[in-house]
Structure formats: C-alpha cells, structure tokens
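Protein chains: 2
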Amino acid sequence: MFSKLRRLLIGETLSSEQLSHEKFSVLWGLPVLSSDAISSVAYAGEEILWVLIPVLGLASYKYMFYAALCIVFLLFLLIFSYRQTIDNYPQGGGSYIVSKDNLGTIPSLTAAAALSIDYILTVAVSTSAGTAAITSAIPALLEHKVIITIFIILILTIGNLRGLKDSSKIFGVPTYLFILVVGIMIITGIIKYYFLGYTPSRQVIIENQQTLGNITMFLFIRAFASGCTALTGVEAVSDGIPNFKAPAQKNAKIVLGLLAGIVLFIFGGLSYLSTLYHAVPSEQITVLAQIGTQVFGSGFMFYALQITTALILIMAANTAFADFPLLLSFISRDGYAPRQFSKRGKRLSFSNGIILLCIAASALIVLFGGKTHALMPLYAVGVFISFTLSQSGMFAKWIKEKTPGWRHKAVINGLGALVTFITVIIIGATKFVHGAWVVCIMIPVLVTVMLKIKEHYNRVAEQLKLTEELRPKLAVDLEDKCKVIILVDSLNKSFVKSLNYARSISGNITAFHVSIDNEETEKLKRRWKEYDAGIPLVIKHSHYRDIYDPLITYIESEEYETKPGETITVVLTQFVITRWWHNVLHNQTALFIKNMLYKRRNIAVVTVPYIIEE
Amino acid sequence: MFSKLRRLLIGETLSSEQLSHEKFSVLWGLPVLSSDAISSVAYAGEEILWVLIPVLGLASYKYMFYAALCIVFLLFLLIFSYRQTIDNYPQGGGSYIVSKDNLGTIPSLTAAAALSIDYILTVAVSTSAGTAAITSAIPALLEHKVIITIFIILILTIGNLRGLKDSSKIFGVPTYLFILVVGIMIITGIIKYYFLGYTPSRQVIIENQQTLGNITMFLFIRAFASGCTALTGVEAVSDGIPNFKAPAQKNAKIVLGLLAGIVLFIFGGLSYLSTLYHAVPSEQITVLAQIGTQVFGSGFMFYALQITTALILIMAANTAFADFPLLLSFISRDGYAPRQFSKRGKRLSFSNGIILLCIAASALIVLFGGKTHALMPLYAVGVFISFTLSQSGMFAKWIKEKTPGWRHKAVINGLGALVTFITVIIIGATKFVHGAWVVCIMIPVLVTVMLKIKEHYNRVAEQLKLTEELRPKLAVDLEDKCKVIILVDSLNKSFVKSLNYARSISGNITAFHVSIDNEETEKLKRRWKEYDAGIPLVIKHSHYRDIYDPLITYIESEEYETKPGETITVVLTQFVITRWWHNVLHNQTALFIKNMLYKRRNIAVVTVPYIIEE
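Structural data, given as structure tokens:
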C-alpha cells in the first residue's frame, strides 16, 4: 500500500543509466542559477526599511539608498572574487570544496555547516516570502499562510524526489518574467511620479513624526546588515560550472556578470521606488506589493507582479532543494555525514537529503509562524561565513602556489575575504540577540557532530580490517558443527518445517519452550509425547511473560554445555502474512526476540518463513 | 532510552505471581462501582434542558421534571432486571457474556461493539464534563479545555498502565464526597428558596419569551432521550460481582439497591433545584455550577462542589479504563479481536487495550473540541443496546431453562428488554441526525471486523494443523544438506565471521555480490583474488541500485541449480551498534533485504551478528 502511494507520488524507479544532466547556455543558465540571488531583492529592501522606518520615519529612504549602495559595492567585490574561483575550479567550486582544498578539515566543515543552515533558511525564507506575495494579492489567505507555505515545500519535495528534469526552460521562464515585470514597474513608476504628477499616499506613514530619532552609525550598520540578504545566492554560479555548455568557465563568468547587472538594476530600482512611493513594511502586505498597487493600480499588472514574485521565490527555494542534497552527498562521501545521504533514491535523486530539507524547513516555518521577517535574523550569517571561507581558501591558494600573477589575484580574493569577514561580524553582531545566536551555536554543534561521525566510521573501518592471521577455515571438523535451538510455541506445521530445516544444518537440535500460560504448556507436553520429534524438549517458566531472558539464561547455563566462543543457532518461525493489516492480528514475538538476539555476539538467528495463505 | 522513559512512567516489570484483586465490602464497593452511574447526573439534567429551554423557555422546568420521572422509572426496572443477572452470573454477567451464552455470536458481538463504543464515549464524555466542572470554577482555563481534557486522559492512561492497585479507599472517597456536597446543596438550596426568600436571578433566561413554542410529544421524547445518559454505568455492578466479599451476590444486590436510591435522590434533587433556580445550559458554565453559585455564593462550598464533581467524573472515566481492556481481553480470548489484547503488559495490566482507549478517546476530544454537549448524541445508544441484549439474553435463558419460578423472572427481564429496546429506538431516532448515525454505522462495521478476524484466526489454525502424514524426518541424507549464499559487500572481518559460520552449517557456499558502484566492485574483485576464501564469488550488476531483485533472479536461475522445494539459506551480517543513534550512520540494507526475503517460501535467512565496539 505504501509502495503504491510512493509510486503514485514519486513515479517508477529509474535505472542508474538514466542519470543525465542538461547543459546550460548563457541564455538559460542565467535564470536557473540566478533565481536565488535575484529573488532575494524581493525582501532585502523591505528588511532595510524594517530597521529604519520605526526610528527615522520619512528620513529613512535617504539612508536606505546609501545602504543599498554599500551592498552593491559588496556585490561587485564578490563578483570579481568569484570570477577567480570559476577559473580555478572548473568542476564546481563550492565553499566546502575550496576550503577543504586550501584550508583543511575544520574550515571546510564550518563552511559545510554554515551552508547547510543557509540552504534550509533559503527554503524557509523564500517559500514564506512567496506566500507573502500571494497573500498580499489575496488578503483572505493571510490566516492560512503557514499551511500554504508548507504545501509549497511539500510540492517542491515531491517534485525533487521525482527528480524534476533540470529543465532550464521551465525554471528559467519565471525569472525572466519577474525581471520583465519589475523592470516595467521601475520605469512606469518613475514616469508616473515625475511626469504624471502622482502623489504617493502617505496614510501608512507613522503618525507622530516628532517622536522619531536621528540616524546613528549603529542604526545604519544594522540597516546594511539586514539588506545583505540581497546577496544570498551569488555563489550558485560558481557551484554550477560543470553544467555549462563549453566553454563552461567563460560562460559561467558571463552569467556572473549579467547576474550582477540585473541585481544592481532591480535592487537599485526598487530602493528608488520605495523612496518615491513611501512604502512601509508591514506583516500584511509586502513592500513590493505596496509599490505595485500604487504604480499599477489593482489591475492585471499588479497580479502579474505578485504571481511572478511568488514564482521566482519558489524557484529560489527549488535551487536549495537541488544544492543542499548535493552538498550533503559530498560531505557524506567524505565520511562526515551519515552514508545514506550519498545514496541515490528510486528516482536517482538524493532522496534522504531532500526529505531532511523538507522537514527542517517546515519545522522552521511552523516555529516562526510563517513570517518572513521573523526568520531574517537567522539568515545571511551562514552565507557570509561561507563567502569568507571560500575567499580565504582562494587567498591561501595563491599564497601557497605562487602561480604567475598570484599577487594581483591574492589581493582581490584577500580583499573579498576581508570585506565578507567584516560583514559576518556586522551581521552577527547586529542580529545576534534577534536570532543569529542560534546560528552561532548551531555551526560548532554541527561541526562537532560531523567530526564524531567521521570518528565513528573510522573506528568501524578499523575494526573490520582484515589481518593476515585471519584466514578463513577451509574445512570444518565435526567438533565445529553448530548447535541449534528451535523455539516452540505449539506443535504445528510451521514447527515441523523449522525442524526439518534445522536437521539440514545440524545434528544437535534442542526444542525450547517458554511457559507463560500453564494450560498451553500442558497441552504442548501432552502432544510432544504423542508426536515423536526425536529431539529433546526443554521447558522453562517465565515469571515476567518474556521469552528472551529464559532463553539466554538457558544458553549460558551449564545445562546446555556451550563451548567458549561457540556460535549457537536459534531457529525462529516467521509467519508471513499476505495482507499487511493482518500483521496486527499476530503477536510480533518472533520479531522482538530476533531484535534482542542480534545483540548477542555468539548467537546466529535463522528465520524460516511460513506463509499463511489467504 | 525509550525503555528508561517507560520505566520512569510505568514502573518496573511485575511478575505474573503478583496478580491480585482486592475484595470489596458494601461500604467501599458502592462508591467504586457506582461512580460512573452517579457522576452521569452531573450532565444528564443539563442535557434535558439543552433540548427544552430553546423552545419552551421558563415552562421547560415542569417538563424536565416529568422526563426525570420517566428516567427514574426506567432505572428501577433496570435494577430489578439486573438483580436477576447477578443471581445467575456469579462470575460477572456483562452484556457480552450473557448474550454469548443465551443469544449466540452475532448478538454477543453486537453487545461487544456497542459496549466498546460506549466505554470510549464514557471516557470522552466524563473527562470533558470533568474539565467543564473545572473551567466553570476557573473561567480563565476555558480556552485550554481540550488540552486539559487530554492531559486528564493521559494521566489516567499512565495510571492504568502502571496498574493502579484497585484501592477502593482512594477511589471511593471522591464519590462519597460528591454525594455529601450535592446532598448539602440540595437541602440548602430548598431551604434558601422557601425559607430565606431567595429570588433566583433570571438574567440568563432567553429574552424574547414571546417567540417560544409549545410542548409537543416529539420534544418531550427528545428530552427524555437526552436524559437517559443518567443511566449509563448501571451495568457496572453486575460486571463486578467476583470482586465482592462473600456473600458476593447478596452484597452486589445491596449495592445495586443503594445505587438506585442515590441516583434517585441526586437526579431528582438536582432536577428540582434546576427548576427553582432557573439554570440554563451554556457552553461556558455548567448547570450544576450555576445552581452551586446561587446556593453557596462563590465561597468554599462552591469550589468544593466543582472539585468533587471533577473528581467523580474522572473516577467514572477511570472505570472505563478498567472495564474496556477487560472486555477486549474476553473478546480477544474468543478470537474476535487481535490476540495482543489478551496479553498482560509489563505491569500486568492489559496495556494494549488501555492505549487503544486513550487514543480513541483523545481523538474524540480533539474532533469535538472538548465539548461535552457535542459528544452527547453519540452517547447512551450503545449502553441501551447492551442493556437490551443483556435483558433479552436473560429472557431467552428463562424460556429455555424453565427453572422454578421462570415465568415471573421472564416477565421482569422481558419487560426490561422491551422497555430498553423502545428506549434504544427513541434515542436512536431522536439523536440520529445529531450523531447517533455514527454509532449505527460503527456497530455493524465493528461486528464485521470481528467476524473477519475470527475467520482469519480459524484459517491460520487450519493451515497450521498437524496431520498424521507430516512426520518429521529423523535423519537427513547428504542430498538434503542445505545450500548457502553469503551476501558480500566488501572483504572484511565481518565477512570472515559469516563465512566461518556458513562453513559450520553447510559445505555448499556461494558468495554473492551486487554491483552498484563500479569502483567498489573492482576493489572487491582485486581483493578476492588476493584472499583465498575457497568459495566461488558471483557478481551481478543492479541497474536499480537494489540488491533483492538480482539475488532472487540468481537463486531462481538455472545457473544456481536449485531443486524444487529446496530451502536456500541466505547469510547476512548484522552490524550491532552499541549506541542507538549510531543506527542512523549505517545503511539498513541488511534489514531491508531481510524483510523482503522473509516473503519467499524457500529462503531461510540467517543473521550473524557483528558487534562494533565503542
């Protein structure tokens, strides 16, 4: 039944030979790899205003513009740094790989932990922001936002478990549509304001302007830190180089350049429109939607804006669904994460990673009530830590290798590392009490867990290693023939089947019965006499209605005469039932005993199936 | 870890010898066995008013009194009927047993289904009414009523899993306190009204008296049907006869008589007080609490009333926790319910039945938002069906056996059967659309399920029956020696252990490897050559990253040369990990394959444990 449901949702199992990847052209690589970066402008400007408006009121917009300028500067620095990564890691230069190569284990695990946290947050933030775009257009849905967001996450999970073909055309269209619609809005908005004399409604502005404060350095830094979420997703291009058509590295660099241009245009344009139209962040309607209503009215274009915003945000979440399981599979292959994460599922996707992401992101959504703004203090710290480690890794590489032109390149990556490091400190410090502390605790915890996992795998490997002395026995003398115990509940066909099987593997068989119900035991004794099985029957009484303890006590007693180190075989009958719900009708005693017996070094458990026909 | 938690909540395992039952005197048997019956008056009067007040307004109280009279008449009829059951079933005459003895399988299963539903409803109704008593005293808790009710159910569940000693003193005190407090209230209330000239507040009465209707036959019958919930729990005494001190039957009859007197006094008294003090049912405050505030003010006695009401209702729910698992164990012993329900748990209680009751009652509480009034339409139908079947069973007994004085006795039980049957029709009809239809559907569904279960057990027993021809083989010739396949993943110590074990049971061993990762397979091939195991290695490629299918294909292929009917032994290595969380670090492949292999008639699975040290 479960497997039917799975097949319906996930589809038929795919063969390993069907694994393939589409190669991107610049035209379609751009929208697929940049949806995360571009979509983040849908909430980054709003985050700056959340910081400034309550203190500065109408004066906020001026400083918002300055903060946006700083972020754009940071963007260009990152772009130059990443161009060098692309040149040097044609197989994909994620932060984990770059820091593993150049900085060592702990930094690479730190990058892995930071990135993992951020992928989870990308899904939570993007889907909740996508829901906010929907509820801004249809306010009646506002009260259901948690359910809508989790529904979106589930759809993405199922889609990714099915292994959505990397169809760049389907995934690319929403990004281009979003760029188009926002582009139209920016131009229309400026024209409407300057040439058609539109006066923005100010009813939303805080009433008592007199209670407001003044700009301070700390306030501006907080605004800048909040806006840095605009830069999340920039690293995606350098991760995805192997997916580009040849010349892959050149194409990747072109895409990176175009990405920077688009982010500059949209982020700058939207910040400018916020200023003109006095948008004020609120939990009911997004800043983007506020601008949209004023520029477009409530007609077709407004809904087009909300729909494309929702779609690009969902695409952004989808990139995390592609990247997080892949990152986990790298970590897992290195032995720092459970091995299951490196195994491909029925549909060739890394299903365990996808499911983990779904659970973690859904938990965050429920915990934070689906509010994008509430999730923000946790976001971006991880991204900037991974930026810093990636750039530091590149810097270390130049210093070590000293290839031609290394000084120039080291300066760029070094500057990148320095600036992103400062940004980490800024973001961490300003958002610490609001939630960044969770991330600051989680990263070392995750690193420790990963180290412990590696340690465990190493220990297991050590214990399993074959040594020269451990040659297999090529022949077995009679002394080593195994001794068998059959558990008997009552005399029936299944017991006879088990007994016949036992005879085929051993000449030393004992039947063992644990008496719980006196009546049943008497019946068994009576029937045992009538029925000549030719083996001894041992009966032990159990005071605690339990079979395991009397069995072990018997095996270890002198009565049974076990040689030290000898392996005893216990034969159990497994009833096999053809309908799953029949399982509730049978005591799962055999199963319980089996699971207990596994823990004994000297006991091998044989289950002989007995099929109950319907 | 789980077992530690269980020990903390439930306690240490008890030995079968510790099973014992306290015997009741009349003094302490009365409160223990009657808490269900007595406590139901806490909501029965209110239920009558829910029907009448919206139509009749102030005129309701007159008709409430008539309805109460009818119910009291029914009560006395039941008492006389049940006295005869007590005489004839000294081992306890529950409806299931009486109808099984005298009416046959289907009626007894109908009684079992009806009773099971009603026990679940007793828990749901009593705990939610108990919570209503608490929230009437502390209105601030009203919004948490679902959580409070489920908390009470959980406490009862844990208490019963621990196997609360049947300590009649602890359980009896709340009942006596309730009788005492309500008795004081009835007397004080009458004195206050007639002699101290208290005028009841009428602010709660519906304002527009003019829109009200007149009494109709149908309305009165509905009111009567709603009040019948007062009679639930009367059958408890006849179930509990074996628990009485000698002379058990005489004592039980005395208790039954006293029970009738107490219900008459409290139900009559409370109905009369409702009339005097114009109580109006509401979802915020119970009728009992409304009367209590007016009679006692809001001092100590009011809180005493609410606390004792809550306690006696919780005790009533507790009796269902004692009786439902016992009933299930009877049904289960007869083969109509899963066998697990007749096994005693760690603490000698029928734990599975207790847990089922907890889940079912909690589900009802959540589904109906913890509102007592909303649950009522489902209640009482089952009780009266079981009354009817029990009385009909007694009637059939007299007709069949014709013992001295049978005519007289047959008239009493026949009248009981007739009147309770008419009541079933009345309750079913008037409450049908409000929820009784659920019960009317559930009973035949449950009966069908129980019959199917019995059918399944019969079929299994038939298939397991030993026949004369099926003698066990006393010796095994070499032809019948078993063939062994060892699954090999990589060459390590655990493989050597499994191989050595395989050699002790067979001389025909094949190593089998499924290739999923080409690299790993090449490594295995290389090492296999170096390492001389002395057995053939078969390698098959799996396209779907799955081990089961290639293995089965190989076993069934001509290559392996299986004889028809031959049992093949598959040896698997089971890694045993000393810390539970290490399980997530290892592929559970062995476990999956094992569970698949069990379904094959001709494959015995051996698991050889390999313990990984910490």
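Chains A and B supply the protein sequences, listed in that same order. Residues in the first sequence are numbered consecutively from 1182, following the numbering used here. Residues in the second sequence are numbered consecutively from 1182, following the numbering used here. Yeah, the Cβ is synthetic: ideal placement off N, Cα and C, and Gly gets one too. Predicted model, so just to flag it, every value in this text is computed and none were measured.
- Throw me the rounded Cβ distance for the Phe1502(B) and Tyr1277(B) pair, which I believe falls under 8 Å. Incorrect: roughly 18 Å between the Cβ atoms, too far for contact.
- Message: I'd like to know if the segment 1213 to 1225 of chain A and the segment 1305 to 1312 of chain A are in contact, where contact means that at least 3 CB-CB pairs between them fall below 8 Å.
- Response: yes
- Can you grab the Cα-Cα spacing for the pair Leu1753(A) / Ile1535(B), in whole Å? 30 Å
- Kindly list, in the order they appear in chain B, the residues whose Cβ is closer than 8 Å to that of Cys1663(A). Tyr1682, Ser1685, Ile1686
- Query: Counting only beta-carbon atoms, is Pro1790(B) nearer than 8 Å to chain A?
  - Reply: yes
- Near-chain A residues of the segment 1194 to 1214 of chain B (beta-carbon distance less than 7 Å), N- to C-terminal order: If you check each beta-carbon in the segment 1194 to 1214 of chain B against every beta-carbon of chain A, the ones closer than 7 Å belong to Thr1194, Ser1196, Ser1197, Glu1198.
- Query: Shortest alpha-carbon distance to Arg1520(A) belongs to which of Tyr1638(A), Asp1698(A), Ser1216(A)?
  - Reply: Tyr1638(A)
- Nearest-angstrom beta carbon gap, Gly1344(B) and Leu1529(B) [assumed within contact, 8 Å]: 5 Å
- Look at Ile1493(B) and Thr1316(B) and say whether their C-beta atoms are less than 8 Å apart. No; because the gap between Cβ atoms is not below 8 Å, this pair is not in contact.
- Pair every Cβ in the segment 1609 to 1623 of chain B with every Cβ in the segment 1411 to 1430 of chain B, then say whether three or more of these pairs are closer than 8 Å. no
- Where the alpha helix (DSSP H) containing His1589(B) begins and where it ends: 1587 to 1612
- Cutoff 6 Å; reference Gln1384(A); Cβ partners in own chain excluding five residues on either side: In this prediction, Gln1384(A) scores a pLDDT of 48, lower than 50, which makes its location untrustworthy; no coordinate-derived value is stated.
- Message: With a threshold of 6 Å on Cβ separation, who are the neighbours of Pro1288(B) within its own chain once the five nearest residues in sequence on each side are excluded?
- Response: Residues Ser1280, Leu1570 of the same chain have their beta carbon placed closer than 6 Å to that of Pro1288(B), with the five preceding and five following residues left out of the count.
- Query: Under a three-way DSSP split, which group does His1459(B) fall into?
  - Reply: coil
- Look at the alpha carbon of Val1630(B) and the alpha carbon of Leu1559(B), and state the distance between them as a whole number of angstroms. 21 Å
- CA-to-CA distance, Trp1587(A) to Tyr1300(A), given in whole angstroms: 32 Å
- Query: In terms of alpha-carbon separation, which member of Glu1700(B), Ile1666(B), Val1476(B), Asp1698(B) lies closest to Ala1692(B)?
  - Reply: Ile1666(B)
- Task: Say whether chain B places a C-beta atom closer than 8 Å to the C-beta of Ala1544(A).
- Result: At a cut-off of 8 Å between beta-carbon atoms, Ala1544(A) makes no contact with chain B.
- Leaving out five residues before and five after Gly1551(A) in sequence, what residues of the same chain have Cβ atoms less than 6 Å from its Cβ? Ser1309, Lys1326, Val1327, Thr1330
- Query: Leu1753(A) CB to nearest chain B CB: under 8 Å?
  - Reply: no
- Message: Suppose you measure from the CA of Phe1425(A) to the CA of Asp1217(A); what does that come to, to the nearest Å?
- Response: So the alpha carbons of these two residues sit roughly 18 Å apart.
- Query: What's the C-alpha gap between Arg1781(B) and Ser1687(A)?
  - Reply: 22 Å
- Leu1190(B) (DSSP reduced to helix, strand or coil): helix
- Query: Out of curiosity, what's the CA-to-CA distance linking Ile1351(B) and Val1213(B)?
  - Reply: 9 Å
- Spatial distance of Tyr1453(B) from Ile1371(B) (CA atoms): Going by the C-alpha atoms only, they are around 9 Å apart.
- Task: Please state if the CB of Ser1532(B) and the CB of Leu1342(B) are separated by a distance shorter than 8 Å.
- Result: yes
- Message: Run through chain A and tell me which residues come within less than 7 Å of Pro1519(B), C-beta to C-beta.
- Response: Those are Val1765, Leu1766, listed as they occur along chain A.
- Message: Between Leu1668(B) and chain A, is the shortest Cβ-Cβ distance under 8 Å, so that the two count as touching?
- Response: Contact of Leu1668(B) with chain A is not assigned, every C-beta pair being separated by 8 Å or more.
- Item | Distance between Met1245(A) and Ile1447(A) (C-alpha atoms, nearest Å) | 15 Å
- Note down, in chain order, every chain A residue with its Cβ under 9 Å from the Cβ of Leu1672(B). Leu1647
- Message: Tell me which residues of the segment 1715 to 1748 of chain A have at least one Cβ-Cβ distance to chain B shorter than 7 Å, keeping chain order.
- Response: Gly1715, His1724, Tyr1725, Arg1726, Thr1748
- Message: Please report the distance separating the alpha-carbon of Lys1775(A) from that of Val1786(A).
- Response: 7 Å
- Query: Which of the three DSSP states, helix, strand or coil, is assigned to Leu1672(A)?
  - Reply: coil
- Message: Less than 7 Å between C-beta atoms, sequence neighbours within five positions excluded: which residues of the same chain meet that for Tyr1779(A)?
- Response: Val1786
- Would DSSP call Gln1384(B) helix, strand or coil? Summary for Gln1384(B): the model assigns pLDDT 48, below 50, so the residue's position carries little reliability, and this model does not support an answer.
- Task: Return the residue from the list Thr1489(B), Leu1766(B), Tyr1458(B) that minimises the CA-CA distance to Glu1636(A).
- Result: Leu1766(B)
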